[in-house]
């Protein structure tokens, strides 16, 4: 477990890739985002720089108000930065939310179909593509179910299939499993890990759950709040298959939690 | 068991399938219970109607009013049957329904466009929003004199009244339907690549459908009411007789059983359209979205 510590007081913090660089999928250069420019209100994100390698799994960790969601919206192109530059050479992005955000007036299969239709995929390919994606998320034969007939975990898997239907190479996940119970979350961690590898995706995963971040990520970034900045990063190289209960995960989680608490305490003073 | 042991692929697949089976919401799919609920929702209104007729009958039997003012339910029924046998009722129902449908269809087009404009343009909304809500309150019978002066004693005059009656409800329906869309849906639509008209077609319209439908339903009720008011007043031999005109004819002829029979016909047609068209449509839409709970 290597770690690169940067002082919290230093305003400009660059967290960078390890030296074995693969092509860069996402690059943020000194990005600042201001929603409310009244005096005394800190920017949501301040002078943020980040590079994510193609195929990397990065977890962003932070307390409320650290601008995690804003960061994802910026990368997704739903918002634009106040200053700084964002480049996404790694391909199309898809955003996944805490709620599945499937359209309730469509069946599971039709939700995936809409992504294909709007993405300009030829009509003849829809059916086999939907079947392939449902198979990938282990939901074969469930395509005719309505959203309300699916469990929370199944909905998120359909949402994942829909994201892949967008031909997304970069998955931006905004606390996607926060509303699920522990055992379902555990299963989805395994599913996401498998699909990340099979589909060769780049993932930026936002969470406030330290163990989840350590369980999933290759790299974990801790963010400060108001303004949102990177505080510290951990490169995770736990040997063998990881589970949420693995000793390595527990040990590192304890360490990161300490840092996260220190960050939060700063706001109590 | 060591925590680090990876579960085998089959074990994992079973675990996932088990979770899917256990966690999927179970819908009320007991057909027998559904039939019982249906029965339970049908007989109370029937009982209520029987009670009402009984009161009517009692008032008639007590001779509270002379017979030419208060006819017996039986004579109203006879008049109703006679109207059906001569075919006059069917013809009037057909004429009225045709006018109502044409007026309603035009209102749907105008109301939808106005409603979408209200949600899209803030300035338009601030200006016309209160006005349209005001028009909804204005009894559309108030338009009849103006309509007669503008369009003469014609079908157009009646259509105008229907459109003025139905359009505000439909516009307000789609407006409140769009207002209630969770902000997440349009964002997801944008993410999926739906822009402009595609956003309206694939996201905004389907998402606002429940509110839109209840607006349409209310719009139909207003259309039917407005038409009856217009038909009572707009009378010309050149126009086909509608239910409203028949009602006014009954009155001038002093045919009280005919008046009662026609009122009941008007009520019946309105309820029939509601029960056969709007109620099932709304139920279907809500059921698809799992918004019906364990109601039928």
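Protein chains in written order, with my numbering: chain E, 57 to 325; chain F, 537 to 832. For glycine and all other residues, C-beta sits at the position ideal for the given N, C-alpha and C.
How many Å lie between residue i and residue j at the Cα?
{"i": "residue 812(F)", "j": "residue 744(F)", "result": "22 Å"}
{"i": "residue 114(E)", "j": "residue 275(E)", "result": "5 Å"}
{"i": "residue 232(E)", "j": "residue 669(F)", "result": "41 Å"}
{"i": "residue 92(E)", "j": "residue 236(E)", "result": "33 Å"}
{"i": "residue 282(E)", "j": "residue 104(E)", "result": "13 Å"}
{"i": "residue 67(E)", "j": "residue 106(E)", "result": "Note that residue 67(E) scores 41 on pLDDT, short of 50, meaning its location in the model is unreliable; the coordinates nonetheless yield the value given after this. Using only the alpha carbons, I get a separation of about 14 Å."}
{"i": "residue 98(E)", "j": "residue 317(E)", "result": "20 Å"}
{"i": "residue 272(E)", "j": "residue 201(E)", "result": "29 Å"}
{"i": "residue 692(F)", "j": "residue 802(F)", "result": "21 Å"}
{"i": "residue 315(E)", "j": "residue 305(E)", "result": "15 Å"}
{"i": "residue 120(E)", "j": "residue 280(E)", "result": "9 Å"}
{"i": "residue 826(F)", "j": "residue 240(E)", "result": "22 Å"}
{"i": "residue 245(E)", "j": "residue 560(F)", "result": "19 Å"}
{"i": "residue 721(F)", "j": "residue 157(E)", "result": "7 Å"}
{"i": "residue 164(E)", "j": "residue 170(E)", "result": "10 Å"}
{"i": "residue 118(E)", "j": "residue 278(E)", "result": "6 Å"}
{"i": "residue 710(F)", "j": "residue 166(E)", "result": "24 Å"}
{"i": "residue 537(F)", "j": "residue 134(E)", "result": "Any answer about residue 537(F) is weak, because its pLDDT of 39 lies below 50 and its placement is not dependable; what the coordinates show is given next. Between residue 537(F) and residue 134(E), the C-alpha separation is close to 46 Å."}
{"i": "residue 782(F)", "j": "residue 610(F)", "result": "20 Å"}
{"i": "residue 786(F)", "j": "residue 772(F)", "result": "16 Å"}
{"i": "residue 639(F)", "j": "residue 250(E)", "result": "58 Å"}
{"i": "residue 760(F)", "j": "residue 806(F)", "result": "7 Å"}
{"i": "residue 185(E)", "j": "residue 195(E)", "result": "13 Å"}
Going along the chain, which residues of its own chain have a beta-carbon closer than 7 Å to the beta-carbon of residue i, five neighbours each way excluded?
{"i": "residue 604(F)", "result": "790, 792"}
{"i": "residue 256(E)", "result": "111"}
{"i": "residue 797(F)", "result": "612, 615, 616, 619"}
{"i": "residue 712(F)", "result": "747"}
{"i": "residue 694(F)", "result": "635, 763, 766, 767, 770"}
{"i": "residue 101(E)", "result": "87, 88, 89, 123, 126, 127, 283, 284"}
{"i": "residue 242(E)", "result": "300"}
State yes or no: is the beta carbon of residue i nearer than 9 Å to at least one beta carbon in chain E?
{"i": "residue 724(F)", "result": "yes"}
{"i": "residue 750(F)", "result": "no"}
{"i": "residue 548(F)", "result": "yes"}
{"i": "residue 742(F)", "result": "yes"}
{"i": "residue 745(F)", "result": "yes"}
{"i": "residue 617(F)", "result": "no"}
{"i": "residue 708(F)", "result": "no"}
{"i": "residue 734(F)", "result": "yes"}
{"i": "residue 629(F)", "result": "no"}
{"i": "residue 821(F)", "result": "yes"}
{"i": "residue 539(F)", "result": "Confidence at residue 539(F) is low in this model, with a pLDDT of 42, below 50, so its placement is unreliable and the value that follows should be read with caution. Yes, residue 539(F) counts as interfacial toward chain E."}
Tell me which residues share the same chain as residue i and place their Cβ nearer than 6 Å to its Cβ, disregarding the 5 neighbours each side in the sequence.
{"i": "residue 216(E)", "result": "193"}
{"i": "residue 549(F)", "result": "none"}
{"i": "residue 608(F)", "result": "596"}
{"i": "residue 725(F)", "result": "735, 739"}
{"i": "residue 671(F)", "result": "704"}
{"i": "residue 229(E)", "result": "152, 261"}
What does residue i reach in chain E if we use C-beta pairs closer than 7 Å?
{"i": "residue 824(F)", "result": "161, 202"}
Check the Cβ-Cβ distances between residue i and every residue of chain F, and say whether any is below 9 Å.
{"i": "residue 186(E)", "result": "no"}
{"i": "residue 229(E)", "result": "no"}
{"i": "residue 278(E)", "result": "no"}
{"i": "residue 239(E)", "result": "yes"}
{"i": "residue 179(E)", "result": "no"}
{"i": "residue 328(E)", "result": "No information on residue 328(E) is available, as it lies outside the stretch 57 to 325 that chain E covers here."}
{"i": "residue 209(E)", "result": "yes"}
{"i": "residue 218(E)", "result": "yes"}
{"i": "residue 198(E)", "result": "yes"}
{"i": "residue 268(E)", "result": "no"}
{"i": "residue 254(E)", "result": "no"}
Looking only at its own chain, which residues have a Cβ that is under 8 Å from the Cβ of residue i, when we skip the five neighbours before and after it?
{"i": "residue 620(F)", "result": "626"}
{"i": "residue 696(F)", "result": "679, 683, 686, 687"}
Taking Cβ-Cβ distances shorter than 8 Å, what residues in chain F pair up with residue i?
{"i": "residue 307(E)", "result": "Near residue 307(E) there are no residues of chain F at all, since even the closest Cβ is about 13 Å away, more than 8 Å."}
Whose Cβ in chain F lies nearer than 7 Å to the Cβ of residue i?
{"i": "residue 212(E)", "result": "Going along chain F, no residue has its Cβ under 7 Å from residue 212(E), so there is no contact; the nearest lies around 12 Å."}
{"i": "residue 243(E)", "result": "551, 552, 555"}
{"i": "residue 206(E)", "result": "560"}
Determine the chain F residues that contact residue i at a beta-carbon separation under 9 Å, and present them in chain order.
{"i": "residue 194(E)", "result": "549, 552, 553, 556"}
{"i": "residue 222(E)", "result": "727, 728, 729"}
Name the chain E residues whose beta carbon is nearer than 9 Å to that of residue i?
{"i": "residue 738(F)", "result": "159, 170, 173, 174"}
Report the neighbours of residue i on chain E: residues whose CB is nearer than 8 Å to its CB, in chain order.
{"i": "residue 721(F)", "result": "157, 159"}
>> Would you call the stretch 84 to 100 of chain E in contact with the stretch 129 to 140 of chain E, where contact means no fewer than 3 C-beta pairs closer than 8 Å?
In response: yes
> Using 8 Å as the Cβ pair cut-off and three pairs as the minimum, do the stretch 146 to 154 of chain E and the stretch 219 to 229 of chain E touch?
Replying inline: yes
> If we count Cβ pairs, one from each stretch, closer than 8 Å, do we get three or more for the stretch 642 to 658 of chain F versus the stretch 700 to 712 of chain F?
Replying inline: yes
>> Residues of the stretch 125 to 153 of chain E in Cβ contact with chain A at a cutoff of 8 Å, in chain order, please.
In response: Any reference to chain A falls outside this structure, whose protein chains are E and F.
> For the 8 Å Cβ check, are there 3 or more pairs between the stretch 300 to 315 of chain E and the stretch 261 to 280 of chain E?
Replying inline: yes
> Below 8 Å, can you find three or more Cβ-Cβ pairs linking the stretch 626 to 640 of chain F to the stretch 770 to 778 of chain F?
Replying inline: yes
> Given 8 Å as the limit, is there contact between the stretch 173 to 184 of chain E and the stretch 723 to 737 of chain F, that is, 3 or more CB pairs closer than that?
Replying inline: yes
> Counting pairs of Cβ atoms below 8 Å between the stretch 549 to 559 of chain F and the stretch 196 to 210 of chain E, do you hit three or more?
Replying inline: yes
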